[in-house]
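A.B. asks:
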Amino acid sequence: MDKILVTGGLGFIGSHTVVELQNKGYNVIIIDDLSNSSINVLDGITAITGKKLEFEKLDLKNKQTVEAFFLKHQDIKGVIHFAASKAVGESVEKPLLYYENNINTLVYVLQEVQKLKNSNFIFSSSCTVYGQAEKMPISEDAPVKQAESPYGNTKKIGEDIITDACKVNPKMKAISLRYFNPIGAHKTAKIGELPIGVPQNLVPFITQTGVGMREQLSVFGDDYQTKDGTCIRDYIHVVDLAKAHVVALQRLLQNKNKSNNEVFNIGTGKGSSVLEVIQSFERVSNKKLNYKITSRREGDVVSAYADTHKANNELGWKAESSLDDAMLSAWKWQQQL
Ligand code: WQD
C-alpha cells in the first residue's frame, strides 16, 4: 500500500492520524524531533494497530537533513505535515523560534515534496487564521484576518506559501485543513494529549483538575456577549479530526480534488461555551469540577465554530462524536496517565 510520510507523527493529532492511516492499510513513516512528544507514543500507536511503523528522529529545521531523508524515500505517495510548534502564548514570547520552526521546516519539506513523482500534501492549518470572524458559523470564504499571535501568523503564512508553490507547480496537489478545537483521545486510552507543562488548553486543564493534579480551573471571563457569558468554541474529537486527514489524502491520491490547492474547515459545526464543556465533564465523570470565574484572557475570540458544509458535501467527511464522547475519552486518558 502507498507509503505516507507523517511529520510530527508522534504529536497529539499526528499520532491519532497515524492510527487511522494504518487502519486503512497505508504504509506509514513518521518523522518527529521529539521536542514536544515522547518516543513512548510509538508504542501506543503499535499497541493499537499492531502494524509495522517506521520512525526517524529528525530535525526538519536542517535543510540537508530533509533533502537526505527524501532521497532515501522517493516512493512516498503523500505527506501529512503536522510538525510545528503550537503554543499560542509561547509564540508571543518567542516569535523567531516559531517562524524558524514552523516556516523554515514547511519550505524545506515542500521543496522535496515538489520533486516527488506524486506530490500530495496535507497541511495542518487552524481556524485561528479567521481571528474573530464576523459571521457564525465560519465558512472557508470568511476573510483571513491579521493573526492574533505569531503562531496563528505561521499558519496564515504557511497557507500562502502553499498557494504560491501550487501556482507554479500544477503537479503538486495540496489541501489545508483548518482545525477548530481538537480534544479527547483514542478510545483505547493508549494515545492522547501528552501533558507537557501547565496546559494552556481548556480540556486538559479540566481533566487535570478532575484528577486533582490542578487545584482549580480558572474560567477566563463570563462577561462576553454569549448565551452564558463564556466563550464559544467548536470542540472536535481528535479521532474525527484524524479521519478527516485520511479522507483528504485519499481525495488527492484518487485525483478527486477540484483544484490543486484546497482548504476545508474541520469542526463539528456546533458551538459550545466554556461552562457547557465543564457541564459535559461533570456529566461524563460524575464529579463536580472546582472552578472560578477570573478575568478574560488576552487574545481570546468570543466565538468560533465551523460551517462544515464544504467538508461534508465536497470532502465527504462529517464529525461523528459528540462533546460528551470526546470529553469521556479525554477523562479516561487522564485517569490512566
Ligand atoms: C478554549 C476556551 C478560553 C483554558 C487554541 C489555539 C488554536 C488551537 C486550539 C492549535 C477559551 C477558555 C481555556 C483555561 C479557560 N491550537 N479557557 N480556562 O484558545 O480556542 O485555541 O487552542 O492549533 O490555534 O488558539 O483553545 O483550549 O486555549 O481555550 O477558560 O484554563 O477555553 O478562554 O474561551 P483556543 P483553548
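So the number in our numbering is just where the residue sits in the sequence shown, counting from 1, plus 1171.
Idealized CB from N, CA, C, for every residue including glycine.
Quick check: is any heavy atom of the ligand WQD less than 8 Å from the C-beta of residue 1323?
C.D. replies: Reading the sequence shown from its first residue, position 152 is the one you call residue 1323. Under cutoff, so the answer is yes.
A.B. asks: Please classify residue 1357 as buried or exposed, where buried requires at least 16 neighbouring CB atoms within 10 angstroms.
C.D. replies: Residue numbering aside, residue 1357 sits at position 186 when the sequence shown is read from its first letter. When all chains shown are included, residue 1357 counts as buried.
A.B. asks: Does the beta-carbon of residue 1221, which I'm using as the reference point, lie nearer than 8 Å to any heavy atom of the ligand WQD?
C.D. replies: In the sequence shown, residue 1221 corresponds to position 50, counting from 1. Checking every heavy atom of the ligand WQD against the Cβ of residue 1221, none is found closer than 8 Å.
A.B. asks: Looking at C-alpha atoms only, which residue of 1234, 1368, 1296, 1301 is the closest neighbour of residue 1261?
C.D. replies: Against the sequence shown, residue 1261 aligns to sequence position 90. Each of 1234, 1368, 1296, 1301 was checked against the Cα of residue 1261, and the nearest Cα belongs to 1368.
A.B. asks: Since residue 1178 sits in a beta bridge, which residues does DSSP pair it with?
C.D. replies: Locating residue 1178 in the sequence shown gives position 7, where the first residue counts as 1. Beta-bridge partners assigned by DSSP to residue 1178: 1202, 1252.
A.B. asks: Look at residue 1330 and residue 1347 and say whether their C-beta atoms are less than 9 Å apart.
C.D. replies: Locating residue 1330 in the sequence shown gives position 159, where the first residue counts as 1. Locating residue 1347 in the sequence shown gives position 176, where the first residue counts as 1. In contact: residue 1330 and residue 1347 (Cβ atoms closer than 9 Å).
A.B. asks: How long is the line joining the alpha carbons of residue 1337 and residue 1279, rounded to whole angstroms?
C.D. replies: Locating residue 1337 in the sequence shown gives position 166, counting from the first residue. Locating residue 1279 in the sequence shown gives position 108, counting from the first residue. Cα to Cα, the separation comes out at about 15 Å.
A.B. asks: Considering only their Cβ atoms, is the gap separating residue 1426 from residue 1481 smaller than 9 Å?
C.D. replies: For the purposes of this step, residue 1481 is taken as residue 310 along the sequence shown, with counting starting at 1. For the purposes of this step, residue 1426 is taken as residue 255 along the sequence shown, with counting starting at 1. No, these two residues do not count as a Cβ contact at 9 Å.
A.B. asks: Spell out the partners DSSP gives residue 1353 in its beta bridges.
C.D. replies: Taking the first residue of the sequence shown as position 1, residue 1353 is located at position 182. 1407, per the DSSP bridge assignment.
A.B. asks: Would residue 1432 be called buried (16 or more neighbouring beta carbons within 10 Å of its own) or exposed?
C.D. replies: As a first step, residue 1432 must be located in the sequence shown, where it is residue number 261. Residue 1432 should be labelled buried.
A.B. asks: To test your reading of the DSSP string, which unbroken alpha helix (DSSP H) runs of 4 or more residues are found completely within the stretch 1251-1281?
C.D. replies: 1259-1264, 1266-1270
A.B. asks: Smallest Cα separation from residue 1180: which of 1462, 1221, 1440, 1207?
C.D. replies: Within the sequence shown, numbered from 1, the residue matching residue 1180 stands at position 9. Looking at the Cα atoms, 1207 is the closest of the given residues.
A.B. asks: For the stretch 1393-1468, which segments carrying the beta strand (DSSP E) assignment without a break, of at least 3 residues, lie completely within its bounds, in sequence order?
C.D. replies: 1406-1408, 1432-1437, 1462-1465
A.B. asks: Going by C-alpha to C-alpha distance, which of 1182, 1312, 1178, 1421 sits closest to residue 1364?
C.D. replies: Taking the sequence shown and counting its residues from 1, the one referred to as residue 1364 is at position 193. If we check each option's Cα against that of residue 1364, 1182 comes out closest.
A.B. asks: For the beta strand (DSSP E) holding residue 1390, just list the boundary residues, first then last.
C.D. replies: Taking the sequence shown and counting its residues from 1, one reaches residue 1390 at position 219. Here the beta strand (DSSP E) through residue 1390 covers 1388-1391.
A.B. asks: How about residue 1257: is its Cβ closer than 8 Å to a heavy atom in the ligand WQD?
C.D. replies: In the sequence shown, residue 1257 corresponds to position 86, counting from 1. Flag set: Cβ of residue 1257 near the ligand WQD.
A.B. asks: Would the C-beta of residue 1490 count as close to the ligand WQD, meaning under 8 Å from any of its heavy atoms?
C.D. replies: Your numbering for residue 1490 matches position 319 in the sequence shown. Because no heavy atom of the ligand WQD lies under 8 Å away, the Cβ of residue 1490 does not count as near it: no.
A.B. asks: By DSSP, does residue 1297 sit in helix, in strand, or in coil?
C.D. replies: Translated into the one-based positions of the sequence shown, residue 1297 becomes position 126. Reduced to three states, the DSSP call for residue 1297 is strand.
A.B. asks: Applying the criterion that 16 or more other CB atoms from any shown protein chain within 10 Å of the CB defines a buried residue, is residue 1457 buried or exposed?
C.D. replies: As a position in the sequence shown, residue 1457 is number 286, starting the count at 1. With fewer than 16 other Cβ atoms within 10 Å, it is exposed.
A.B. asks: Which partner residues does residue 1225 have in the DSSP bridge list?
C.D. replies: Residue numbering aside, residue 1225 sits at position 54 when the sequence shown is read from its first letter. Its beta-bridge partners are 1200.
A.B. asks: Can you tell me where the alpha helix (DSSP H) with residue 1482 in it begins and where it stops?
C.D. replies: Taking the first residue of the sequence shown as position 1, residue 1482 is located at position 311. Residue 1482 -> no alpha helix (DSSP H), and no H or E assigned at all.
A.B. asks: Are at least three pairs of beta-carbons, each pair with one atom in the stretch 1195-1212 and one in the stretch 1368-1381, less than 8 Å apart?
C.D. replies: no
A.B. asks: Are the stretch 1216-1236 and the stretch 1191-1203 in contact at 8 Å, needing three or more beta carbon pairs?
C.D. replies: Contact between the stretch 1216-1236 and the stretch 1191-1203 is present, because at least three Cβ pairs lie under 8 Å.
A.B. asks: Using a threshold of 8 Å, is the CB atom of residue 1376 nearer than that to any non-hydrogen atom of the ligand WQD?
C.D. replies: The residue labelled residue 1376 in the question sits at position 205 within the sequence shown. Indeed, a heavy atom of the ligand WQD lies less than 8 Å from the Cβ.
A.B. asks: With DSSP collapsed to three states, give me the class of residue 1291.
C.D. replies: Taking the sequence shown and counting its residues from 1, one reaches residue 1291 at position 120. Here residue 1291 sits in strand by DSSP.
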